[in-house]
Amino acid sequence: MTQKTQTGFSAEVVKHSSYKGREIITMALEYPRIILAQINTSRQLAKNTASSRAQTTKSLLEQDIFIPEKVGVNKPGMEATEYLTGKELKRFQKLWVGVYNKVAKDVQKIQDELNVHKQTTNRLLEVFSFTKSVLTGTKESWEHLLALRLEHSTQPEYQLLAQLIDTAISESIPQELKVGQWHLPFVDSVEAGEGMINVKTSVSMCAQTSYRKADDSQEKTDKIYNMLNLVSGSEAPPHISPTQHQCLCADPELHKQQPEFWSEMGGFSNPGFVQYSKILENTVLKKKEEK
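The opening position of the sequence shown corresponds to residue -15 in this note's numbering, with each subsequent residue numbered one higher.
Okay, structure coming up:
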């Protein structure tokens, strides 16, 4: 269920659940950061993406850089139709690496001379960086994305990523859930667990997308979950996005009886699954607002 290239792209199905023919799929993707804006246009997918300011500038400078492999010849319009090959492509790639080396040198100089924070200096490295995201959506939402991004006019890097996504999903077999069970990315269970520990661990793991090495221990789970300000006693505003990937399998009749628990966004509106974020919104977070 994992598809990779030798150049830093990957697509992995980390959780695939179904209930009466309705499917929820969570994927972990790695890709050049230059296509993040296009990925973020897919509104029907819940997303968490690594923040460049969560890493030290030193660690970014030590990572492999993105070097384009399909480089179009200039022409009017958004889409290239001819591409560099052979010596011309190698010449471009050499020049690209040269530009990166100059930028990297200047970034280091800025830090050494002015002690500028990584939240600024790391932005200069983003065009050369890979990033990783966790995305969750219904099968229909993923099919919509693929219909758009497998098309020939797509940015080449996004088209390659879409091909990996398509293959990974086609090879994945969903786990059938029962009412009351959960779709929990990065957790090998369909039960909420005592004190919702499995749900909270999944939330923590999705929130740790920015970390180079994720930690699913209870100590780390408690720490991250509390940092997200999701408990009723917290005064700070909550960070909701990591709670949009966990989904409770629910009786479709609940959709009629308690419509406030069903997401109004895109593919998650189908009866059968309730996002954890909606449960929090209508329980714990509502209590926080009422105080």
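Glycine included, each C-beta is placed from N, C-alpha and C at the ideal position.
Note that the structure is a prediction, hence the values are computed from the model and not measured.
Q: Give the DSSP-derived three-state secondary structure of residue 207 in the structure shown.
A: One-based indexing of the sequence shown puts residue 207 at position 223. Of the three classes helix, strand and coil, the one that applies to residue 207 here is helix, per DSSP.
Q: Could you tell me the distance, in whole angstroms, from the CA atom of residue 118 to the CA atom of residue 67?
A: Reading the sequence shown from its first residue, position 134 is the one you call residue 118. Reading the sequence shown from its first residue, position 83 is the one you call residue 67. Separation of residue 118 and residue 67 (C-alpha to C-alpha, rounded to the nearest whole angstrom) is 31 Å.
Q: Would you grab the beta carbon distance between residue 34 and residue 193 for me? Rounded to a whole angstrom, and I think it's under 8 Å.
A: Within the sequence shown, numbered from 1, the residue matching residue 34 stands at position 50. Within the sequence shown, numbered from 1, the residue matching residue 193 stands at position 209. Cβ-Cβ separation between residue 34 and residue 193: approximately 5 Å, consistent with a contact (criterion under 8 Å).
(Q) If we require 4 or more residues per run, which alpha helix (DSSP H) segments fall completely within the region 62 to 104? (A) For the region 62 to 104, the continuous alpha helix (DSSP H) assignments of 4+ residues that do not extend past its boundaries occur at 70 to 98, in sequence order.
(Q) At the level of alpha carbons, what is the spacing between residue 102 and residue 21? (A) Position 118 of the sequence shown holds residue 102. Position 37 of the sequence shown holds residue 21. Each residue's CA atom was taken as its position, placing residue 102 and residue 21 some 21 Å apart.
Q. Where do the ends of the alpha helix (DSSP H) carrying residue 0 lie?
A. Against the sequence shown, residue 0 aligns to sequence position 16. Element bounds for residue 0: not the alpha helix (DSSP H) but the beta strand (DSSP E), -6 to 3.
Q | Beta-carbon contacts of residue 171 that lie in its chain and below 6 Å, excluding the five residues immediately before and after | A | Taking the first residue of the sequence shown as position 1, residue 171 is located at position 187. So the list reads 182, 185, 186, once near-sequence residues are dropped.
Q: Select from 93, 149, 115, 13 the residue whose C-alpha is nearest the C-alpha of residue 47.
A: In the sequence shown, counting from the first residue as 1, residue 47 sits at position 63. The alpha carbon of residue 47 has as its nearest neighbour, out of 93, 149, 115, 13, the alpha carbon of 115.
Q: May I ask which residues mark the beginning and end of the alpha helix (DSSP H) holding residue 139?
A: One-based indexing of the sequence shown puts residue 139 at position 155. Counting along the chain, residue 139 falls outside any alpha helix (DSSP H), and DSSP gives it neither H nor E.
Q: Counting only the same chain and skipping the five closest in sequence on each side, list residues whose C-beta sits under 7 Å from that of residue 74.
A: As a working note, residue 74 is residue 90 in the sequence shown. Here residue 74 has no same chain residue with a Cβ atom under 7 Å from its own Cβ, once five neighbours each way along the sequence are excluded.
Q. In whole angstroms, what separates the C-alpha of residue 52 from that of residue 144?
A. On the sequence shown, residue 52 is found 68 positions in, with the first residue counted as 1. On the sequence shown, residue 144 is found 160 positions in, with the first residue counted as 1. Roughly 12 Å separates the two Cα atoms.
Q: Assuming residue 227 contacts residue 261 (C-beta within less than 8 Å), just tell me the rounded distance between them.
A: Numbered from its first residue, the sequence shown carries residue 227 at position 243. Numbered from its first residue, the sequence shown carries residue 261 at position 277. So it is a contact: roughly 4 Å between Cβ atoms.
Q | Contacts around residue 54, its chain only, beta-carbon distance under 7 Å, and the 5 residues preceding and following it disregarded | A | Residue mapping note: residue 54 aligns to position 70 of the sequence shown, counting from 1. Non-local C-beta neighbours of residue 54 in its own chain, meaning closer than 7 Å and more than five positions away in sequence, comprise 67, 140, ordered along the chain.
**Q.** Exposure of residue 16, with buried meaning 16 or more beta-carbon neighbours within 10 Å
**A.** Indexing the sequence shown from 1 puts residue 16 at position 32. Counting the other CB atoms within 10 Å of its CB gives residue 16 a total of 16 or more, which places it among the buried residues.
Q.
Pull the bridge partners of residue 119 from the DSSP assignment, please.
A. Looking up residue 119 in the sequence shown gives position 135. For residue 119, which the question treats as bridged, DSSP gives the partners 11, 31.
Q) Rounded to the nearest angstrom, how far is the Cβ of residue -2 from that of residue 169, given a contact under 8 Å? A) On the sequence shown, residue -2 is found 14 positions in, with the first residue counted as 1. On the sequence shown, residue 169 is found 185 positions in, with the first residue counted as 1. For residue -2 against residue 169, the beta-carbon gap comes to about 5 Å, under 8 Å, which counts as contact.
Q | Residue burial classification, residue 258 (beta-carbon count within 10 angstroms, cutoff 16) | A | As a position in the sequence shown, residue 258 is number 274, starting the count at 1. Buried, since its Cβ has 16 or more Cβ neighbours within 10 Å.
Q) When we look at the beta-carbon of residue 125 and count the other beta-carbons within 10 Å, is it buried (16 or more) or exposed? A) On the sequence shown, position 141 is the one that residue 125 refers to. So residue 125 counts as buried.
Q) Are the CB atoms of residue 163 and residue 233 nearer to each other than 9 Å? A) Here residue 163 is taken as the residue at index 179 of the sequence shown, counted from 1. Here residue 233 is taken as the residue at index 249 of the sequence shown, counted from 1. A contact, by the Cβ cut-off of 9 Å.
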